[in-house]
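Quick notes on the structure that follows.
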Amino acid sequence: VANKVQPENVSIVSEGLKEKLPNDILVGTIPVNPILGSPTLKEIAQELDAKILFGEDYINNQVGSFSVGAMQLRNYITHLKDDSLVITPGDRADIILGALQANISTNYPSLS
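Encoded structure:
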């Protein structure tokens with residue numbers, strides 16, 4: 001089995017392996033899929049021994065990336081990405097509220 005194969009190369013890799021290996025060997029290819037390496041919010045919370053305050057309905061959302069909210073909100077908000085986890089101190093109400101509002105807005109990415 002060849003894994004993490006670029007989708008456009010699946011047939012090339014499969015055929016190449018079949019040519020090089022005996023006919024009685026089963027050959028398979030698995031295309032690369034970034035979601036397979038993305039943890040869920042639940043997994044992150046478990047590893048950090050974190051307490052979930054609210055948002056239990058979203059605990060199985062996958063996290064594609066993370067960003068640290070340490071700069072001013074007007075600068076930080078431009079760095080948000082889809083499926084991103086926002087990490088910020090609890091006393092940064094501006095970042096917390098800004099990220100929450102951005103998440104429900106159609107003008108900004110959907111956060112994890």
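When you line the sequence shown up against my numbering, it's residues 1 to 112, in that order. We treat Cβ as the ideally placed atom computed from N, Cα and C, and that holds for glycine. Quick caveat, the model's predicted, so the values are computed rather than measured.
Same chain, Cβ closer than 7 Å to residue i, neighbours up to 5 away in sequence not counted
i: L73; result: D94, I95, G98
i: N61; result: T40, L41, S112
i: L21; result: V27
i: G90; result: none
Alpha carbon of residue i to alpha carbon of residue j, nearest angstrom
i: P109; j: I44; result: 21 Å
i: M71; j: D57; result: 29 Å
i: I52; j: L17; result: 47 Å
i: S38; j: D83; result: 10 Å
i: S67; j: N75; result: 13 Å
Other residues of its chain near residue i: CB distance less than 6 Å, five sequence neighbours each side excluded
i: N103; result: L111
i: V1; result: G28
i: V13; result: A2, V5, T29
DSSP bridge partner residues for residue i (one or two, in chain order)
i: A2; result: T29
i: T40; result: Q62
i: V68; result: I87
Residue environment, residue i, which counts as buried when at least 16 other CB atoms sit within 10 Å
i: D106; result: One detail in the question is off: residue 106 reads as Thr in this sequence, not Asp. So T106 ends up on the exposed side.
i: G69; result: buried
i: L80; result: buried
Same chain, Cβ closer than 8 Å to residue i, five either side skipped, listed in chain order
i: V10; result: T29, P31
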